[in-house]
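Novice: Chains as they are written, first to last, in our numbering: chain U, 1 to 441; chain A, 442 to 1311. Ideal Cβ positions, reconstructed from N, Cα and C, are used throughout, including at glycine.
1) What residues are listed by DSSP as bridge partners for residue 131 of chain U?
2) Does residue 352 of chain U have its Cβ less than 7 Å from a Cβ in chain A?
3) What are the boundary residues of the alpha helix (DSSP H) that includes residue 1073 of chain A?
4) Note down the Cα distance separating residue 461 of chain A from residue 574 of chain A, rounded to an integer number of angstroms.
5) When you compare the CB of residue 343 of chain U with every CB in chain A, is at least one pair closer than 7 Å?
6) What's the C-alpha gap between residue 230 of chain U and residue 211 of chain U?
7) Assuming residue 823 of chain A and residue 971 of chain A make a contact with CB atoms under 8 Å, what is their CB distance in whole Å?
8) If we count the other Cβ atoms within 10 Å of its Cβ and call it buried at 16 or more, is residue 35 of chain U buried or exposed?
9) Whose CA, out of A:690, A:564 and A:1259, lies closest to the CA of residue 960 of chain A?
10) Looking only at its own chain, which residues have a Cβ that is under 7 Å from the Cβ of residue 118 of chain U, when we skip the five neighbours before and after it?
11) Would you call the segment 1165-1179 of chain A in contact with the segment 723-739 of chain A, where contact means no fewer than 3 C-beta pairs closer than 8 Å?
12) Can you give the Cα-Cα distance for residue 1190 of chain A and residue 879 of chain A, rounded to whole angstroms?
13) Indicate the three-state DSSP secondary structure (helix, strand or coil) for residue 1305 of chain A in the structure shown.
14) Kindly indicate the opening and closing residues of the beta strand (DSSP E) around residue 845 of chain A.
15) Taking Cβ positions, are residue 287 of chain U and residue 267 of chain U nearer each other than 7 Å?
16) Does any C-beta atom of chain A lie closer than 7 Å to the C-beta of residue 69 of chain U?
17) Once the 5 residues before and after residue 313 of chain U are set aside, which same chain residues still bring their CB inside 6 Å of it?
18) Between A:761, A:584 and A:478, which lies nearest to residue 1117 of chain A when the distance is taken from Cα to Cα?
19) Residue 637 of chain A versus chain U: which residues are under 7 Å apart at the beta carbon?
20) Run through the DSSP bridge pairs and tell me what residue 290 of chain U is partnered with.
21) Have a look at A:1214, A:932 and A:1236 and flag the residue whose alpha-carbon is nearest the alpha-carbon of residue 1223 of chain A.
22) Taking residue 693 of chain A as the reference, give the member of A:1195, A:733 and A:1092 with the closest Cα.
23) Counting C-beta neighbours from all protein chains within 10 Å, is the total for residue 786 of chain A 16 or more, i.e. buried, or is it exposed?
24) Give the secondary structure of residue 342 of chain U by DSSP, where H, G and I count as helix, E and B as strand, and everything else as coil.
25) At which residues does the alpha helix (DSSP H) containing residue 58 of chain U begin and terminate?
26) Which first and last residues belong to the beta strand (DSSP E) in which residue 74 of chain U is found?
27) Have a look at U:362, U:135 and U:162 and flag the residue whose alpha-carbon is nearest the alpha-carbon of residue 221 of chain U.
28) Counting only the same chain and skipping the five closest in sequence on each side, list residues whose C-beta sits under 8 Å from that of residue 1267 of chain A.
29) Could you check where the beta strand (DSSP E) with residue 1252 of chain A kicks off and where it finishes?
30) Between the beta-carbon of residue 395 of chain U and the beta-carbon of residue 502 of chain A, is there less than 7 Å?
31) For the putative contact between residue 476 of chain A and residue 526 of chain A, defined by C-beta atoms under 8 Å, what is the C-beta separation to the nearest angstrom?
32) Cβ of residue 679 of chain A within 6 Å of any heavy atom in the ligand HEM?
33) With 8 Å as the limit, tell me which residues of the segment 481-500 of chain A have their beta carbon closer than that to any beta carbon of chain U; keep them in chain order.
34) If you count every other CB in all the chains shown that lies within 10 Å of the CB of residue 562 of chain A, and 16 or more means buried, which is it?
35) On the DSSP bridge assignment, give the partners of residue 519 of chain A in chain order.
36) Taking C-beta pairs closer than 8 Å, name the residues in chain A that residue 384 of chain U reaches, listed in chain order.
Quick look at the structure:
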């Protein structure tokens, strides 16, 4: 397996680990999964001590794939060692970041890898309950997960005394109701508890008091699905991919103006230039104008950033974030202010409303951008946008507000001329009184 | 405050951390929020969602400051209302950090973009935290050029609270108050993003006794009261501190008035008592004092017509004095001051009875009472106070366990309820010896924790009347809990219904070490005991049978030795019985409504039979119909005085509305006594207070507490059940007259019974039942709850359920129960508000005299519902 998954450097930029079964016939069934080494890691894991598994994941350097990149092993280590209350493992499958499409395809094509990862992770953190919180809109995916969980129960991979180890685990698949904020881990926990999804005050952190005030770890789908491979392949193998601080493979989701959009699993640190080659280049050869490295919440980049290594450090150095490695690629036909407006409308719609900066700020930003795109902007609006963004960034309760301003600040940073051009029309008219620009026409 | 001088560095006290705020060093207790530490130093950080009595939320982000921890600056400004202090922390507020200042200005600008800025027409304008802080910490001009969010306005949250959503800054203070403090989540946050708004909760009846507090803690004008909305501007009002007259909680309050008229009342701040809260009754029930039927001039019964006519004070006092002297010299006069008097007024009654009427026949207890209770009050309650061994609010909050017996805190003393709930949310185990899991019981035994409800205590069910026996044999769990140091047993005034309950309480206290608190309902009860308006006690807890104690009083009152009567007098029941049988000639009646007495029929007979009746009243009562002289007296707002709350804490208040010409009871009694050639020296409450002070409390012997064996609950015969009953906070009480919006938040009137009893008597929830006793019947809707079998619970004085008046029996009595003939299908009684189908009970039907199970009661129910369904 190691050889197949890790061809010599340079021969194939792809590293199909999580995606290696995706093209197999009926890849989502237990039968296929078992034939392709499925649940072999589970047997290994259940024979180990839970702490050994936490150490293994730490050694492998597996970092959270949900966007923040927090080391998974360290997170697991926060869970109390001696359970006095039930422990919970919660899988964040509420994939809602614009442009992101890695978890849903993974769960569609290979749901058992997630379930196997869940059992191993739950065993490591002494949890006997695991909840998979899936985005409700992905109904097909919810059904497939339900089916996979049922198969796993029937074959003894879930339930009482798993594989004779004495370890019990119940998995619940829960469909969300379509709120972006529920991808924020504490809002997700509130939602799971049946409340309105709004982020919680931290501390206490979920590892102390999460779901039902019990120790809880929330992990992304891709993170947990990576775990069986780490168990089977070992930390050294895992570290042969990617870079020192960001090891392992990663599913890059390419969308937009590329010839072959889709998921490309490559080592962390792969550049957009390499990924574009894999994807057959820009669609119809129209040149690249701007792109997001990891969904709309990560500051956008331009054609100047084709060689930025796409891992956690590389993205940060380039002034952006790796996020969910959702690469939305836009060619020269797309107006940056327009795209930024659309994204801002998304954040305005999805802001949970709890804190002032995000709730009111997104409401304001969206209106200003809509007006600018409509040709009624003024130069002053650009300053206002930037200053309002500054008043949101780092002031909001959770990271939603930070994400909401990313497209605007980065858009104006690289494409200020386009915003200015939109103000031209207004500048030439005689009624360009800035105090009245918002007045109904 | 512990700002250390810069030069020396004293050690950090145990449990404290040392930090720097705006360059000044300060020691703060571990766990304190930065915003509070700053506040103690006089550094005010603007805020909206933060409230010291609510859990931190961090929602408004107005209080952002720059923070350095371990020598490293945190990359983002931090909300000072959610971050706790740490050793070596460096905090820079808007005063010293441009970044914090900009962050705060930015938040303020964002808060205002969707705010209507309708300050000129907003009730909050002039006292608005948003207005004030925007002027202080905001930009003078907004850069917002676009369209504001608008909402239809206003939404009624309850019948007395209205919501203008566009003014709301979504700080969640109101929803957090409702959920955390009151335990009534009747409002919730709805929707999301800029459309997020406060709305009525989906799975809640909407009922809360504390909803008015949400108006007061709203930092903008989003929540207003139906009664006050658009009535006046804050800067046109005069604010006078006062004390609530409605119950024995003793809430500090602020009365806002202008041109001689009270416009609104607010909760005052008193951390020792009501913290910052009050109940809706205290907040909204004040218009009784301006009711059109208030007496403004004395009335004298015309000898020829037999009708009351207005008279001069001179004539009325002369007539009253003559009549009282005649009655006194005949067979004597009994004095019933009622439980709502101030301590000063009570003292005047006490002195008047002894000096002018020469009797100990005085009792302020216009409610159920017993000799055992009097012994309990004289031995265990009188003389206790926060500084004299009495249980306090703080003791309740810090107690490891509290047991409430014959006491329904939410209905009888709502601030005690709030404190018990606060305690339960921390660590206190609250037990209730009662009949059913009433809302108040539920909210103190199961409180919402972070991960779901936490059980902090339990209901210990017992049959009504069986409380004493139950107290003697508590479940081990409760018994052990009460053995922990600091545990408290709270006894309500209803205990007087149960023979042996006061004694059992004393026995329990001896057995477990728990301390006893006695919580009466009325504001004047506790002070009246100290003032000597009981048949066995003189002022200061001095026994009438104690010659030394009598001598004290004789000296103080300038009486010749042995002038004070030395035998215990009659209590309320005794006075009424004696008057009814002709053993007493006259009655001096204060604020007593005969219908509040345990036997209203007896009271009526007594009034009928008495040769001479003087009534000191504000508004007509049953006593007025028979009074020979009616002397008008001042409502609380027009006089000064002192209430002792249940703790024994003196709650003094000054005159709020001056120069109305109305007189306090003590002044009227003083003048009346002068007419009888007796000098009371009670012209003013201040003079009385001085005399009380000089008199001091009695340090002589106290009587032994009662030791009456517990009697078991009565055994219901066929067709019979035991009656459990207590007052609801909002009911037919006359001090709640003229308050329709307040009345809208009263609990629905319903009879409660267990499923088995319901089955036995063929009753379903929503159907009417008739409860009957010797005095008559009460017919109300039934609701099945979890409670002991063969028991029915009725509110004592709500809607048609006037237990004292209609049934003439009380808590623990045997009553007849019968299901009413079912109303035809489709004519089932509807809830008062069709939009709230989960309302626990609909309107009740009054059927005073119908025979049990009569057809008329059913018909009446049908026609009522027809009306409300139309």
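Specialist: Concretely, from the data shown:
1) U:90 and U:172
2) yes
3) From DSSP, residue 1073 of chain A is part of no alpha helix (DSSP H) but of the beta strand (DSSP E) over 1070-1073.
4) 24 Å
5) no
6) 27 Å
7) Their Cβ separation, rounded to whole angstroms, is 6 Å, which keeps residue 823 of chain A and residue 971 of chain A in contact under 8 Å.
8) exposed
9) A:690
10) Excluding positions up to five away in sequence, the list reads 89, 91, 130, 171 and 224.
11) Result yes; three or more Cβ-Cβ pairs closer than 8 Å.
12) One Cα belongs to residue 1190 of chain A, the other to residue 879 of chain A, and the distance between them is close to 13 Å.
13) With a pLDDT of 36 at residue 1305 of chain A, under the threshold of 50, the modelled position of this residue cannot be trusted; read the value that follows with caution. For residue 1305 of chain A, the three-state secondary structure derived from DSSP is helix.
14) 842-846
15) no
16) no
17) Closer than 6 Å at Cβ, skipping near neighbours: 245.
18) In terms of CA proximity to residue 1117 of chain A, A:761 leads the group A:761, A:584 and A:478.
19) 353 and 359
20) According to DSSP, residue 290 of chain U bridges with U:302 and U:330.
21) A:1236
22) A:1092
23) buried
24) helix
25) 50-60
26) Counting along the chain, residue 74 of chain U falls outside any beta strand (DSSP E), though it belongs to the alpha helix (DSSP H) covering 72-77.
27) U:135
28) Since pLDDT at residue 1267 of chain A reaches only 49, below the 50 mark, its modelled position is unreliable, and the value read off the structure follows with that caveat. Result list for residue 1267 of chain A: empty, nothing under 8 Å.
29) Counting along the chain, residue 1252 of chain A falls outside any beta strand (DSSP E), and DSSP gives it neither H nor E.
30) For the 7 Å CB-CB criterion, residue 395 of chain U and residue 502 of chain A form a contact.
31) The Cβ separation is near 10 Å, so there is no contact.
32) With respect to the ligand HEM, the structure shown offers nothing to examine, as it has no ligands at all.
33) 497, 498, 499 and 500
34) Using a 10 angstroms sphere on the CB of residue 562 of chain A, the tally of other CB atoms stays under 16, which defines it as exposed.
35) A:506
36) 584
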